[in-house]
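Residue numbers (UniProt numbering): 5 to 295.
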Ligand code: PMP
């Protein structure tokens with residue numbers, strides 16, 4: 005991935021993709037003092053860019069550092085980079101991390117670096133294939149208690165258990181893994197939030213120890229706009245037995261139907277299909293919709 009062409013925005017400058025390098029003694033690498041975002045551009049516009057930028061800044065604040073650029077500067081950098089990369093539909097990855105000035109757990113005065121990369125990450129457009137649903141394993145690791153980890157931050161360190169869980173699931177032939185939380189309640193997948201449907205009512209876990217995704221909030225709004233009742237509540241894994249439909253949602257995943265989680269089976273149906281379609285319509289720039 006470090007050999008692509010194009011440019012990366014790196015501490016205020018556009019540098020050639022292959023030159024966007026950091027030192028091996030970077031604090032963010034050794035101690036996970038790093039936060040990031042994942043965004044998608046559709047039709048040349050980054051969906052909910054400001055919300056992502058604000059979350060990046062807030063994630064840094066939770067880790068005890070100040071991202072050294074304002075929201076306007078970061079938004080402008082993302083938009084300008086998208087234009088320079090020449091993509092209309094692409095994935096946007098801003099990241100902020102403590103630099104390499106001092107080594108050790110404490111690195112109060114290390115520079116906070118910021119980079120933004122944009123690449124093409126196609127979404128799964130074939131609606132028929134998508135509607136078959138993906139298979140999820142049950143993860144061994146659980147989302148930590150918010151008193152144990154900075155759950156509200158999109159911090160790189162929190163992804164350690166996600167990568168382990170996803171790799172373990174993939175090794176068994178699954179697409180992803182569903183993680184429970186420290187209490188044993190249903191939490192989320194390794195990079196996306198989870199929803200269930202039963203008798204026309206939508207259920208999703210309360211995001212009190214995992215990311216309250218921007219896609220999650222969008223989907224809840226779209227579902228309510230459609231007249232669906234959405235219950236945000238604690239969900240125990242045994243309840244999955246009774247749910248009819250299940251889907252994941254996230255910036256990269258968009259709305260992805262699920263057919264299987266461990267021993268539980270779901271049949272992607274009309275509710276899921278409607279939300280897949282509503283989400284894809286919602287992310288398109290509004291000026292296009294008005295044309
Ligand atoms: N949970 C995790 C662990 C994620 O990585 C993501 C993707 N950022 C989400 C949920 C969904 O968040 P969003 O909808 O803001 O992309």
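Note that beta-carbon positions come from the ideal geometry of N, C-alpha and C, so glycine has one too.
Residue 202: not part of any alpha helix (DSSP H); member of the beta strand (DSSP E) spanning 197-202, first to last residue.
A direct Cα-to-Cα measurement between residue 123 and residue 160 gives close to 19 Å.
Uninterrupted beta strand (DSSP E) stretches at least 3 residues long and entirely within the region 78-112 occur at 94-102, given in chain order. Taking 7 Å as the cut-off, one finds at least one heavy atom of the ligand PMP near enough to the beta carbon of residue 214. Of all alpha-carbon atoms in 111, 190, 88, the one lying nearest the alpha-carbon of residue 12 is that of 88.
Taking the CA atoms as reference points, residue 120 sits about 7 Å from residue 82. As a beta-bridge residue in DSSP terms, residue 253 pairs with 197, 259. Excluding five sequence positions before and after residue 56, the CB atoms of its chain that fall closer than 6 Å to its own CB belong to 41, 43, given in chain order.
Inter-residue distance for residue 164 and residue 174 is about 16 Å (C-alpha atoms, whole angstroms). Per DSSP, residue 34 lies in no beta strand (DSSP E) segment; the continuous alpha helix (DSSP H) that holds it begins and ends at 31-35. From the listed residues 209, 290, 5, 214, the smallest Cα separation to residue 243 is found for 209. Taking the CA atoms as reference points, residue 225 sits about 11 Å from residue 282. Inclusion of residue 140 and residue 280 in the CB contact set at 8 Å is not warranted, their separation being larger than that value. Our two residues, residue 251 and residue 198, have alpha carbons roughly 6 Å apart in a direct line. Placement of the Cβ of residue 100 at a distance of 7 Å or more from every heavy atom of the ligand PMP is found.
At a threshold of 7 Å, residue 158 counts as near the ligand PMP, since its beta carbon sits closer than that to one of the ligand's heavy atoms.
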